[in-house]
Amino acid sequence: MNILEIKNLKTQFHVLDGVAHAVNNVSLSMEKGEVLGVVGESGSGKSVTALSLMGLVRPPGRVVSGEILFDGTDLRTLSEKQMQDVRGNRISMIFQEPMTSLNPLLKIRDQISEMVMRHNSISKKDSYDYCVEMLGKVQIPYPEKRAKEYPHQLSGGMRQRIMIAMALSCNPEILIADEPTTALDVTIQAQVIDLMLNLKEQYDTGILMITHDLGVIAEIAQKVVVMYAGQVVETGTVYEIFDNPKHPYTKALLDSVPKLGKRSKAERKRLREIKGIVPDLFTLGAHCNFYERCPDADEACKRIIPDLIEYENGSSVRCIKFQGRNA
Amino acid sequence: MNKTILKIKNQPNLIIGGIITAVVIFMAIAAPLLAPYHPVDDADLMVSEEPPGSTYLMGTDEQGRDILSRVIYGSRISLSIGIVTQVMNTIIGIILGLSAGYFGKWWDDLVMGLTNIMLSIPSMIFALAIMALIGPGLINVFFALGITNWSYTCRITRSQVLFTRSLDYVKAAKALGYGDIRIMFTQILPNILGPILVIGTLGVASAILLEASLSFLGLGTQPPTPSWGGMLATARNQMFTAPWISIFPGLAIFITVLGLNLFGDGLRDILDPHSVGKIK
Amino acid sequence: MKKLCFILLLLFTGFCFFPGSSMAAKSGGEFNFIAPYGGDLSSLDPHKTNRTQDYIVILNIHRSLYKWSADAGKPVLALADSVKVSQDRLTYTYALKQNVKFHNGRNMTADDIIWSYQRILTPATASPGVRSIRIIKGADDFESGKATAIQGLKKLDDYTLEITLKNPVEPGFSLYPPEIAILPKEEVEKRGDSFGVDPVGCGPFKFVNWVKGSEVVLEKFAGYYEAGKPYLDKVVYKIMPEAASRDIAFKVKELDATTVGSVNYPEYKGTPAIAKNMIEVAELWTRVVCFNVDYGPFKNKKVRQALNYAINTKLINKKLLKGKAVDPVGYLPPSSPAFGTDSKGYEYNPERAKQLLKEAGYPDGFTFECLGTDNGTWGVKAIEALIPMLKKVGVKVVPVRMEGAAMSARAKSGDFQALIWSLDSGPDPLSALSRWESVNERVSGNYSGYNSAAFDNYLALARVETDDSKKMDLLKKADQTFIEDAPVWFYNYNKAVLAYHPWVHGLQPVAVELMYQDLSSVWVDENSPRK
Amino acid sequence: MSEPLLKVENLKVHFPLDREFLSLKKRYVYAVDDISFSVNEGETLGIVGESGCGKTTAGLSVLNLVKPTGGQLFFRNQDITDISKLPKEEALKLRKEMQIIFQDPYSSLNPRASLKTILDVPMKIHNMGSAKERSEKIEYLLEKVGLRLEHASRYPHEFSGGQRQRIGIARALSLNPSLIIGDEPVSALDVSIQAQIINLLLDLQEEFNLAYIIIAHDLAVVEHVADRIAVMYLGKIVEQADYKDIYTSPLHPYTQALLSAIPIPDPHMKRNRILLKGDVPSPIDPPKGCSFNTRCPKKKDVCEQVEPVLKKAGDGHYVSCHFA
Amino acid sequence: MTLYVVKRLLQFIPTIFCISLMMFVILNVLPGDATTMSGGMKRQLDAKTAENMKKQLGLDKPLHIRYLHYIKGLVKGDLGKSYLRSESVNDLIAQRLKPTIQVSLAALLIAVGFGIPLGFVSALKQGTWMDTLSMVGAVSGVSIPQFWLGLILMYVFSLLLGWLPPQGYGGGSLVNLIMPAFTLGVGYMALIARTTRAAVIEVLSEDYIRTARSKGLSEWIVNRRHVFGNTMILILTTVGLQFGSLVGQTVIIEKLFSWPGIGSLLVDSIFQRDIPVTQGCVLVIIGVFLIVNLVIDLMYVIIDPRIQYK
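Chains as they are written, first to last, in my numbering: chain Z, 1 to 327; chain C, 328 to 607; chain B, 608 to 1138; chain F, 1139 to 1462; chain V, 1463 to 1772.
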């Protein structure tokens, strides 16, 4: 049973330079309690997809078309009021920048309790107690004390834990994590990822993990969606993606990352690079978005916009050269 | 380039303000061509205080001078007051702010101390004291207002310099062997002109108003110089007996200052959308 | 007897104003007046201020030995019932009123007058009134510390005072001004400096309070020596330097009376309801542009005359000042006893002016700077009006607006070419003209630096002349000489105008300064919003 | 082996904090606290560490962009601890020798200068040839870093992040330096661009025999480019070794934790993580004894008392731990 | 905190000292002195009396001696004695300070009361006609010469409508306060509205606002709880800095409305060359500015937990 299914989502930004096709016909699905990794470089549309899903795209951005089926309901048909009931309650989100994502003027417990009280009929006092409990769950030392502190008194790692505590405080069905560890140091990142996985088990929350870091994806995700220039180019299980990538972009991406401990004197010279740059989202042509950079591209790629081909349940790839499972 | 035009198109403030400013500047430049009479010499007491009519479109003042001509010539005076004083303020502010922010240490302390002192003296009062010292007159107004209002520019320049100085390209310039002066004027200054320009534009507006206030106290430009502030101040006693004498210069000030303010606001929105916090 | 006469007179005047009115109807009510000159008052200690603004109020708190009578056009006795003058006109013996009380309840005696005059003369007081007291014999010795008392001041008994003068001059002119007020010694000493903000006098009104920068409130002094007066219960002086604000305040009936500037003059004149309630008076102030006779072109008499011919003075007075001025003849105004009825001033004659300039060696004219203040009547505004007129004869005038204090400093130092000012030209014609004596420095008011032996001579003769009409003749001749020499451009004599609401009665045409209204005889009828 | 190109001895950089009112004690941020290292010609030294460990400050102070508080710097045996004290000519010559590439491609280029200006002015300052020669050099540099000549008149905002980083590299190269400090040169770039820049750096090193100091938080990147790696923690070097030794035989518990924390892009590799407790302490009040003792899984009493010294643990392998 | 306040108060000393020196020099070299004639003077003092007066006032002593004397008094909190008025400057200012503070605070209230909502509306409706209208309206306020506005208001509300008294203090009653305060506050209002608008727009783009929205909070709550406070932090400084110039502007307003404040006292005393009074007024106005800004800084502590003064 898919708890979330996005179909043909299109989100555009109407700015002075023209129209940016930030999310261009994205479809993906996610099962209850699963960790879905969305990987892509900057500008691939992964964050905008998440914001579209939350109904938090602000002008000049606009969700143009598509369906966002959450537990069978199309979120796009809900009123703003109904959407507010979903946000934070059934779907919650944590962001990349823990340093700026909390209101500097409010105490931690107030920031958490305002959300708990918004979605549950609970007294302020109880919500404070609950807040302390949640802080304990995200392994914040001295939760009673911390709850009364302000964000600036906490380190980045702490704040991200608080964001997680907050996001989980209403027992959401889906937690969207938009690059939750990118701004953190490696050792702290390890702590946070560890924490998220633990909590996922505990709460049975599905996680939509958005990141550019293939390492993080490999560690946490069960299923992976690879995005490029506003489109999904490949989906599959984490093993499929990493062991046997189908799309040339996925392949190139995996090859271009320096891998720890894999280096020898000879290998030092050659990291595999992807030539060129990410295409301009304002001027996408009627062709495969990756063709300019693709090592395998030919004339045909220049003429056709490839479809996302599903070759197995839940696995698909967007490439006209793809010939089937073992090609 | 195209993008800039698009940006401007989206700023009604900037367009309205820009048009008004342009018209006033045009008026100032082309005053001798536009004005039907000489603003000072063509006075005739026989026709004093004529209401607006076909001969005198805006009427005449108590000396029998054509108000339209005086308003047109007045744009020269009032604009030059605004611009000259603001250029002076800006130059002082930039030099002090730039050097203070860049060199820091005791010089910074000194400049900031001075700036804070200047900031705490209301400009009206400082200008008043200076004008009392040197007496009324156009050049004196330039001077008095030109040395009173630099503290804002200085402060903002300094804070911008502090911010810009920490940027990597300034470090790179240093590593590349750029000298201090070169860094200040080629690496830092061009990148902080935006907010300074905005302050300057708004400053032009406030200088025009300040001159009007000084004129009210009898310390503005020297009659018969047709400055709008001076005209308005002189005519204030006739506001109800011969309203046209005060209305037209008053409107000229209002429209020009409004235009400059809108222009400045629009400029800020384009150049420096997040500038509020930087004033600190 | 006297008292009876007085009451009769009072009743008579009362009937004239408002037939059927009684004393009771007259008394009571509040009167909102103005203090229009410059900013706030400085001090209500008459001996320590020289500002008209302060005198307007001081006048009604304090009393001097004499007071100005608008009817008589000269000073009359105030604190004395009568005076005996000696043959040589040097000794005056005053029979002081016995019912004059200070606001603290004490009777005023000759000692108070002596003490007050000594205080004025004491250098530490730095009083502007010293000049007035210097007419008394022995004043110089006292001033320089050589004597401990003024020789010419003698108390015969508590209510009899003898004053001996240096010269046979009319002492009333010197002793009437508000700054020569008689003060109660004990109150002055008790209060020290703060006497200026909490004055005690013997005038018709008691000081109540002074909201600095806004208003001064006085209330009726029940013990005032003129029976039945004052009528008003309360007087409020609003400190209002802005003419436009005054105009509105008057129109909304917040003021009972206001001074009218030239700007509003035609309007007020043209409004019948107001026009019939206006007092106009040719004040004893002459407005002139002083030419600095030490400055190049102005050394030549012809140039100065030429400028007088070149300016259409009447047009300026008519249009710029809207007729709120009296066209000039000489220095002395028409209300002065020495006004030369047969003397003629300068007429507008640009041809003559050109001719004279040519003769003087300035056929192409010249340029000069003229200083002036911001004043609406006798400030740079008037100089501006000269620009086109003088341009016609080739002379360029550059107005230089200055603040009063700065200009005054330059006037005194002689560092100017010309300046416009309003000069005090009365009430005593001799002292008015003596300003221009060559012995006087610029510091003492001879701004032009006028220096004429003939003029000096007339004045010297007039000073010792005991026959009044001969004296006046001499002064007329002096004025004529002054016109001829034209060290100034004769601009106008001030026409002061006071407008009041119909419920106000008893304001007087005071020629020395229209704002010097003695409010003791002013009353308001029941139409007043404040009664 | 000949003398190293750059020798850093006991470098200290302490930033004073604003003094508190009425308090006599001045407090400092101990950003870099007594580190020593050296770089040979043509060699790459990698410096890794987490944010706030002082690695960037160390790099900047080598270039005299931050004044060292203590210690000495030698470049080709010349004392360069304070370049500003040297004669102007001399100082300029030294500036030429060492250049820097920054992390953020957006703030490292003057937005108001065209590419040509960015490259031309430094050469002009150093009197490198006539206008024509310089413009030829610009052409050559652009080609080297993979940009085209027609780009020369453009302004930084017209380039993508990767291209900007190339401009930064061209700018550093323009003076023919022998040492380039790369301060997180690829961490702000997308994965696909990262590889391009790493390859470019490696190519240039080979061609011009450049020495690099690559400062980064990403151990994988550093390991890929460096010959030797120094690991920094709280202003100190805790371990220094050949790139291979760091990975295969890390001795310091911090290095071990760091290595284990790095996510590997391989779903089959589920490792045993060494999870460190808590956060990095503030460099204003570094812990007594071993600076890592607050988080160290192997902590003993001695660690709280005695500060370990950097000791030799193998061929070119140094570590500062009581138990390594 | 107390320590911080003490520290700040101590920092006032050099500022006040510098300003007093600066103003002392400027004022004492002004042409003319207290003995020369100025507006409304009846007659010229004769030379001897003028000299006398100068001696009484100590004006015959050299400048630095006078300054030393002045500073000695200042240290004791004594601003000296007026040259022309029979009062000490302390007393004079004490009487006039209250009206000025009253009118300034009322103006501030009007400015803030209208300016902040206007700025909010404008920012929340950014780009709409309401935005343009509020901003043009706000900017208009700052574009009218104050004395002109004052006279127009006087004309309309006193003469035509008869609602408000045209002038005077009226014992500080509200009806007397309205017009001067409005005239003074309207320009300031524009500034606050503009600053607020920019601040709100800035705050709206912050990450924590997105977080707040992601929690399911309604727009109203987001604005009230998250936007408002953070906006205040951005505009407080402007409010404080501008309050100084507001007090400076009372010079005009007080003259116009016969308001018995320190501004009109200052103008009068400049024109009368009553230097101790001028000096005193300037120092007090600056003192007010410094204290207001100290209060603003302390308000930061209340609003912004990140700021702690020790």
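Cβ atoms here follow ideal geometry from the backbone N, Cα and C, with glycine treated the same way.
N- and C-terminal bounds of the beta strand (DSSP E) containing residue i
i, result
"aspartate 1172(F)", "1166 to 1177"
"proline 682(B)", "681 to 684"
"cysteine 897(B)", "885 to 898"
"serine 336(Z)", "What the structure shows of chain Z is the stretch from 1 to 327, and residue 336(Z) is not part of that stretch, so it cannot be assessed."
Extent of the continuous alpha helix (DSSP H) to which residue i belongs
i, result
"alanine 917(B)", "908 to 917"
"histidine 247(Z)", "First-last for histidine 247(Z): undefined, no H or E at that position."
"methionine 196(Z)", "186 to 203"
"glutamine 1024(B)", "Here glutamine 1024(B) belongs to no alpha helix (DSSP H), and DSSP marks it neither H nor E."
"lysine 124(Z)", "124 to 137"
C-alpha distance - residue i paired with residue j, whole-angstrom precision
i, j, result
"aspartate 934(B)", "lysine 921(B)", "6 Å"
"proline 339(C)", "lysine 1223(F)", "55 Å"
"alanine 22(Z)", "glycine 230(Z)", "5 Å"
"leucine 616(B)", "tryptophan 722(B)", "Because the pLDDT at leucine 616(B) is just 45, under 50, the model does not fix this residue reliably, and the value given afterwards should be weighed accordingly. Spanning the two alpha carbons is a distance of roughly 34 Å."
"glycine 462(C)", "threonine 552(C)", "15 Å"
"histidine 1455(F)", "leucine 1143(F)", "20 Å"
"valine 317(Z)", "alanine 300(Z)", "17 Å"
"leucine 494(C)", "glutamine 1557(V)", "53 Å"
"leucine 1760(V)", "valine 1701(V)", "14 Å"
"glutamine 82(Z)", "leucine 28(Z)", "23 Å"
Cβ-based burial, residue i [other Cβ within 10 Å; buried from 16]
i, result
"histidine 1526(V)", "exposed"
"tyrosine 239(Z)", "exposed"
"methionine 373(C)", "exposed"
"arginine 87(Z)", "buried"
"methionine 608(B)", "Caution applies to methionine 608(B), whose pLDDT of 45 falls short of 50 and renders its modelled position unreliable; the model cannot decide the point."
"arginine 894(B)", "buried"
"phenylalanine 946(B)", "buried"
"serine 1667(V)", "exposed"
"asparagine 884(B)", "buried"
CB-CB length for residue i against residue j, believed under 8 Å
i, j, result
"isoleucine 1578(V)", "threonine 1658(V)", "5 Å"
"alanine 889(B)", "lysine 1138(B)", "Not really, about 32 Å apart at Cβ, beyond 8 Å."
"serine 950(B)", "aspartate 1086(B)", "7 Å"
Within chain E, the residues that residue i reaches when beta carbons sit closer than 8 Å
i, result
"histidine 1355(F)", "No chain E is present in this structure, whose protein chains are Z, C, B, F and V."
Of all the alpha helix (DSSP H) runs that stay within the bounds of the segment 1070 to 1107 of chain B, which reach a length of 4 or more residues?
1075 to 1092
Exercise. For the segment 961 to 1037 of chain B, list the alpha helix (DSSP H) runs that are entirely contained and at least 4 residues long, ordered along the chain.
Key: 987 to 999, 1011 to 1020
Practice prompt. Within the segment 411 to 494 of chain C, note down every full alpha helix (DSSP H) run reaching 4 residues or more, in order along the chain.
Written response: 432 to 447, 450 to 461, 465 to 473, 477 to 492
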